[in-house]
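**Q**
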Amino acid sequence: MRLLLLGCTGFVGKELVPTLLNKNHEIYIVSRKPISKLKLDLDLNKFKFIQVDLSKKQNWNNENLLNILKESDGIINLMGEPIAEKKWTDSQKTEIENSRINTTKFLMKTLKNLKINPKVIINGSAIGYYGTSLSDEFTENSTGGKDFLANLCKKWESVAAEKPLFSRLVIFRIGIVLEADGGALGKMLPVFKIGLGGPIGDGMQWMSWIHRSDLCALITNALVDKKYSGVFNAVAPKPVLMKDFSQTLGNCLNRPNLLPVPGAVLKILLGDGAKVVLEGQKVVSSKLKNFKFKYPLLEKAIYASTKN
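Going letter by letter, the sequence shown gives residues 111 to 418 in this note's numbering.
1) Suppose the cutoff is 6 Å on Cβ atoms and the five residues either side in sequence are ignored; what does the same chain contact list for A294 look like?
2) Can you list the beta strand (DSSP E) stretches of 3 or more residues lying completely in the stretch 317–346, in chain order?
3) At 3 residues or longer, and completely inside the stretch 245–293: list those beta strand (DSSP E) runs for me, N to C.
4) Compare the C-alpha of K256 against each of P366, K404, L398 and V386 and name the closest.
5) Going by DSSP in three states, R365 sits in which element: helix, strand or coil?
6) My guess is that P349 and P309 are in contact by the Cβ rule of under 8 Å, so how many angstroms apart are they, rounded?
7) State buried or exposed for Q168, treating a residue as buried only when at least 16 other CB atoms are found within 10 Å of its CB.
8) With distances taken between CB atoms, is the gap from K392 to E247 smaller than 7 Å?
9) Should L164 and T213 be called a contact, given that it needs their Cβ atoms to be closer than 7 Å?
10) Using only CA atoms, which one of I145, I139 and F355 lies nearest to W316?
11) So is F276 buried or exposed if we call it buried at 16+ other beta carbons inside 10 Å?
12) Between the Cα of A346 and those of P406, G307 and I378, spot the shortest distance and give me the residue it belongs to.
13) Pull up the CB-CB distance for I226 and I206, whole angstroms please, since I reckon it's below 8 Å.
14) For the putative contact between L473 and G123, defined by C-beta atoms under 8 Å, what is the C-beta separation to the nearest angstrom?
15) If you pair each beta-carbon of the stretch 325–335 with each one of the stretch 257–267, do three or more pairs fall below 8 Å?
16) Going by DSSP in three states, S141 sits in which element: helix, strand or coil?
17) Any idea if V269 is buried or exposed, counting beta-carbon neighbours within 10 angstroms, 16 or more meaning buried?
18) Measuring straight from C-alpha to C-alpha, what distance separates C118 and L351?
19) Output the boundary residues of the alpha helix (DSSP H) element that contains F216.
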């Protein structure tokens, strides 16, 4: 398939792009960053690249972009400012929202205005859709939460639903993505390796996670398998408590798990965003029963990520 990739140049894209290329897909990558700043360790001749900021409406008149849109069989949209990289100031919240909502809104309007009907559109979302809870379990049929992140996911999914009539839409509500070279695990590894690791907060909050390889496999399958339609929770089958995640990580590294990160410190660093980490949510999928996870269990996922 000829695929247009939006927001696939960071932590997830580092594995997703090679995975797609290995499946012989033709890849067009769009990013606001220059190609020299991309994290993709690939031969630049293996894909085509356009540098353009798609959060700005006027940039959707880019002739190269429009020509690729018209020729694309599928679109993967994972565009968005990272959620937990910076403190949630008002300006950061605006950036988090606009980077997702505006890009997706302009994409869908452009497709409809030009009567372009890709076979499939895969759009990102997050398990933050459900809000936080220390006790409830959420599936794809659960109602959404009411906090900032939940409302953001609702808006993002609503805008994505304004797709062309004849395009199949798949929305993945993605959990905490695990791999050693980035994301939550990448941040925790250096601390644990020097023996200073421990759970965040009281450790009783749920972590719903997925190994990056499994997420990439899900996206790749959804491109070609028409059974994928609608919303799916992209999470491994067994969520864990933060204290168990921390203990498992320490065991895999043969390091202690003694020094918890106080919730008050996290609130200073992330502001309102600390709530997502400190309260978490237990999310499972009722729709991925036939998907064979390579890493269904946390210990296998962490060991695979840290063995090198």
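For every residue, glycine included, the Cβ atom is placed at its ideal position computed from N, Cα and C.
**A** Reading off the structure:
1) Within the same chain, A294 has close Cβ partners I286.
2) The qualifying runs are 319–321 and 340–344.
3) Counting only runs of 3 or more, we get 278–284 and 286–288.
4) Cα-wise, what sits closest to K256 is V386.
5) Per DSSP, reduced to three states, the secondary structure at R365 is coil, with no helix or strand assignment.
6) In this structure, P349 and P309 do not form a Cβ contact; the two beta carbons are roughly 15 Å apart against a cut-off of 8 Å.
7) Flag for Q168 reads exposed.
8) Yes, the pair counts as a contact, with Cβ atoms nearer than the cut-off.
9) Taking 7 Å as the Cβ cut-off, L164 and T213 qualify as a contacting pair.
10) With distances taken between Cα atoms, W316 lies closest to F355.
11) By the 10 Å Cβ count, F276 comes out exposed.
12) Nearest Cα to A346 within the set P406, G307 and I378: P406.
13) About 28 Å; that fails the 8 Å criterion.
14) In this structure the chain extends from 111 to 418, so residue 473 is not present and cannot be described.
15) Pairwise C-beta distances place the stretch 325–335 out of contact with the stretch 257–267, as fewer than three of them are shorter than 8 Å.
16) If DSSP states are grouped into helix, strand and coil, S141 belongs with the strands.
17) Classified as buried, V269 has 16 or more neighbouring CB atoms from the shown chains inside 10 Å of its CB.
18) Taken atom to atom, the span from the alpha-carbon of C118 to that of L351 is near 29 Å.
19) In the DSSP assignment, F216 falls within the unbroken alpha helix (DSSP H) covering D200 to N223.
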